[in-house]
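Everything below concerns the one structure shown next.
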Amino acid sequence: MIITLFGPPGAGKGTQGARLSGALGIPHLSTGDMLRHVISSGSSLGKQVAALIDEGNFVPDDMIRDVLSTRLDAQDCMRGAILDGFPRTVPQIAMLDEILSTRGSTLDAAILLSVPDEILLDRIAIRAASGETARPDDRPEIAAARLETYRVKTAPLLDIYRREGRLHEVDGTGSPDEVFRRILFLHKLAPAGV
Ligand code: ADP
Numbered sequence: 002m003i004i005t006l007f008g009p010p011g012a013g014k015g016t017q018g019a020r021l022s023g024a025l026g027i028p029h030l031s032t033g034d035m036l037r038h039v040i041s042s043g044s045s046l047g048k049q050v051a052a053l054i055d056e057g058n059f060v061p062d063d064m065i066r067d068v069l070s071t072r073l074d075a076q077d078c079m080r081g082a083i084l085d086g087f088p089r090t091v092p093q094i095a096m097l098d099e100i101l102s103t104r105g106s107t108l109d110a111a112i113l114l115s116v117p118d119e120i121l122l123d124r125i126a127i128r129a130a131s132g133e134t135a136r137p138d139d140r141p142e143i144a145a146a147r148l149e150t151y152r153v154k155t156a157p158l159l160d161i162y163r164r165e166g167r168l169h170e171v172d173g174t175g176s177p178d179e180v181f182r183r184i185l186f187l188h189k190l191a192p193a194g195v
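For any residue, its number in the numbering used here is found by taking its place in the sequence shown, counting from 1, and adding 1.
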């Protein structure tokens with residue numbers, strides 16, 4: 002089973018992805034976490050990735066495709082995965098379809114967590130102040146750039162999924178428990194039996 006989570010920065014994809022992973026017994030694959038791992042290796046590739054992410058930009062589509070497809074071949078993904086952060090651009094839609102079809106799989110559900118901008122910026126500011134979980138790209142001016150990149154590059158992708166009837170929209174406001182209950186409710190309604 003493959004589920005992908007969408008939402009602007011701060012929408013709660015990481016939180017809900019981890020919960021869904023626990024509930025369904027399949028791994029939560031965050032492309033952002035994978036890229037931060039590449040950065041922490043200190044390699045020259047890591048430095049290039051850091052330069053892009055730290056300005057609020059996306060990394061090239063081909064790079065993220067390679068990172069994700071390698072990860073999906075690991076043993077723990079045999080029964081599927083919760084994707085968080087992929088696809089994120091229009092060209093990545095076809096990349097995902099291809100990655101899945103070569104593995105005899107398809108996308109079972111695409112879930113969008115909707116949250117108004119002012120709540121997103123508040124949540125990111127709280128994370129930025131939290132020391133332990135703070136990330137370099139949580140600085141206010143970069144958070145605003147990430148929202149803009151999302152609007153320009155990811156919103157058109159969502160329009161395509163919506164038109165194709167592939168997108169399940171969930172209200173992402175409220176507590177993590179409330180949002181998770183909404184997702185599970187959706188999960189019961191999903192025609193694909195996700
Ligand atoms: P958020 O969704 O909160 O912005 P993530 O942790 O998902 O944060 O991603 C952090 C950064 O990693 C993004 O701002 C982007 O630069 C990069 N990234 C993650 N996934 C992709 C992707 N599929 N394509 C291109 N860049 C990506």
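Virtual Cβ for every residue (Gly too), placed ideally from N, Cα, C. This structure is a prediction, so every number in the text was calculated from the model and none was measured.
| Item | Value |
| --- | --- |
| Which residue's Cα is closest to the Cα of Glu149: Pro137, Leu121 and Glu165? | Leu121 |
| For Arg182, does the count of other Cβ atoms within 10 angstroms reach 16, so buried, or fall short, so exposed? | exposed |
| Does the segment 111–131 touch the segment 35–43, meaning 3 or more C-beta pairs lie closer than 8 angstroms? | no |
| Run the CB neighbour count on Met79, radius 10 Å, all protein chains shown included, and call it buried at 16 or more, exposed below. | exposed |
| Between which two residues does the alpha helix (DSSP H) holding Ser41 run? | Thr32 to Ser41 |
| Run the CB neighbour count on Pro9, radius 10 Å, all protein chains shown included, and call it buried at 16 or more, exposed below. | buried |
| Output the distance between the C-alpha atoms of Val195 and Asp109, rounded to the nearest integer angstrom. | Only weak support is given to the placement of Val195: the predicted model assigns it a pLDDT of 45, under 50, and the value that follows is read from those uncertain coordinates. Approximately 6 angstroms, taken between the alpha carbons. |
| Who are the near neighbours of Ile143 in its chain, counting only those whose CB is closer than 8 angstroms to its CB and skipping five residues on each side? | Asp55, Glu56, Gly57 and Pro137 |
| Any idea which residues DSSP pairs Val171 with across the strands? | Leu114 |
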